[in-house]
Amino acid sequence: MERHFDLYEHQAQYYETDQMGIIHHSNYIRWFEEARTNLLDQMGFGYAKMEESGVIVPVLAINCIYKSMVRYNDRVYIIPKIEEFNGIRLTISYRIVDKATGELRTTGESKHCFLNKENRPFSLKKEQPKLYDLFDSYLKVDLSIPK
């Protein structure tokens with residue numbers, strides 16, 4: 128089944144810049160979260176719905192590799208992709224691409240696990256099979272940038 132996503136677009140804000148006039152490195156992690164939240168919403172199971180279902184998805188690890196600078200007022204696409212999913216753990220990769228030039232600005236990855244209301248790891252496959260099937264169906268779906 129073909130999956131369609133609207134790409135997440137962000138316009139770099141002045142308050143996100145540092146003294147050198149480029150986006151401060153800490154903001155990229157926030158941008159990853161914005162794009163991840165948008166992806167989950169588009170999948171039909173955003174954080175609010177997950178938490179209502181008793182599922183918590185904390186960040187276990189995150190990394191970011193800066194390729195080129197983003198400056199104030201630049202527009203970028205932040206493109207998340209579910210890379211690994213086994214029902215207990217989840218890995219999402221990110222690409223930040225300049226909207227005007229298509230230049231790759233940043234790459235990154237976040238690792239997560241699934242916890243229940245008692246903050247204990249659990250298997251979606253066993254306890255939330257519909258949610259497991261949803262995530263599994265989006266595994267490796269690649270978003271493309273409009274030409």
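Quick note: the sequence shown, position 110, residue 237 per the numbering used here, numbers continuous.
Built from N, CA and C at the ideal position, the CB exists for glycine as well.
Note that the structure is predicted; figures quoted are calculated from it, not measured.
- The DSSP-derived three-state label of L166 is helix.
- I192 counts as exposed, since fewer than 16 other beta carbons sit within 10 angstroms of its beta carbon.
- For the pair F262 and I209, the CB atoms are nearer than the 8 Å cut-off.
- For S180, there is no enclosing alpha helix (DSSP H), as DSSP marks it with neither H nor E.
- Looking from the CA of E179, the closest CA among Q255, V197, V268 belongs to Q255.
- For F241, the secondary structure class from DSSP, reduced to helix, strand or coil, is coil.
- S195 is the residue among T234, A162, S195, N243 whose C-alpha sits nearest the C-alpha of T228.
- Exclusion of the five residues before and after G181 leaves N243, K244 as the residues of its chain whose Cβ lies within less than 8 Å of its Cβ.
- By DSSP's assignment, A227 forms no beta bridge with any residue.
- As the crow flies, the alpha-carbon of L231 is around 32 Å from that of K176.
- In the DSSP assignment, R216 forms a beta bridge with C240.
- Y135: member of the beta strand (DSSP E) spanning 135–138, first to last residue.
- For D269, same chain residues with a beta-carbon under 8 Å away, outside a window of 5 residues either side, are K208 in chain order.
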